[in-house]
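These notes concern the structure reproduced below.
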Ligand SMILES: [Zn+2]
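In this note's numbering, the protein residues as written are -16 to 161.
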């Protein structure tokens, strides 16, 4: 028997919620976010994402998840437990720019060439409500900036200077994976 859990729809390009500036979560409401966080983790896992933000499942709230893992372009990317960031604030960014192909669960089958800061420091509430400040680098910094953009109603299509199909991206990576 298969247990089918209700999973909210993944919102894709054109959904108005993806263009809204998401609402901050009042600290008193953080303990009530558990079902939303579980839904985010479920959808991210089902879609093989390395991050997700609440607007992508139709909730205009400042909640995002970062979950790096090694991949073709970033073989040294850390494999991390999903990190939940609530009301994140970018407190410092390296002025340098690193360019890379970026995908988004909400923009299936496309990749954009996007410049991101290589280092970003973020202050945020954790799922248990405590405040944390953490510095992220390289691929993880890219994920953090991508997910933070979602909370601002910004998508990679707004930043990219080039885009390719997923098939072309895979071809350029020289992937022979089945
Ligand atoms: Zn995205």
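All C-beta atoms in this analysis are idealised placements derived from N, C-alpha and C, irrespective of residue type, glycine included.
Fair warning: this is a prediction, and the values are worked out from it, not measured in the lab.
Do residue i and residue j have their C-beta atoms within less than 7 Å of each other?
i           : j           : result
residue 49  : residue 127 : yes
residue 84  : residue 131 : no
residue 53  : residue 79  : no
residue 88  : residue 30  : yes
residue 75  : residue 120 : no
residue 65  : residue 51  : no
residue 93  : residue 146 : yes
residue 0   : residue 41  : yes
residue 28  : residue 3   : no
residue 143 : residue 82  : no
Compare the C-alpha of residue i against each of the options and name the closest.
i           : options              : result
residue 9   : 112, 140 and 118     : 112
residue 108 : 15, 43 and 71        : 71
residue 67  : 94, 79, 96 and 34    : 34
residue 124 : 98, 93, 154 and 88   : 98
residue 46  : 121, 106, 95 and -4  : 106
residue 23  : 36, 12 and 11        : 36
residue 118 : 77, 11 and -2        : 77
residue 39  : 142, 91 and 116      : 91
residue 116 : -7, 11, 21 and 69    : 69
residue 73  : 141, 13, 135 and 12  : 135
residue 21  : 122, 110, 140 and -5 : 110
residue 59  : -5, 122, -8 and 137  : 122
residue 19  : 140, 114 and -8      : -8
Would DSSP call residue i helix, strand or coil?
i           : result
residue 115 : strand
residue 161 : Only weak support exists for where residue 161 lies, its pLDDT of 38 falling under 50; the value from the coordinates is given anyway. Note: residue 161 maps to coil in three-state DSSP.
residue 130 : helix
residue 54  : coil
residue 48  : strand
residue 7   : coil
residue 31  : coil
residue 67  : strand
residue 36  : strand
residue 97  : strand
residue 123 : helix
residue 21  : helix
Using the beta-carbon count (16 or more within 10 Å), is residue i buried or exposed?
i          : result
residue 63 : exposed
residue 15 : exposed
residue 5  : buried
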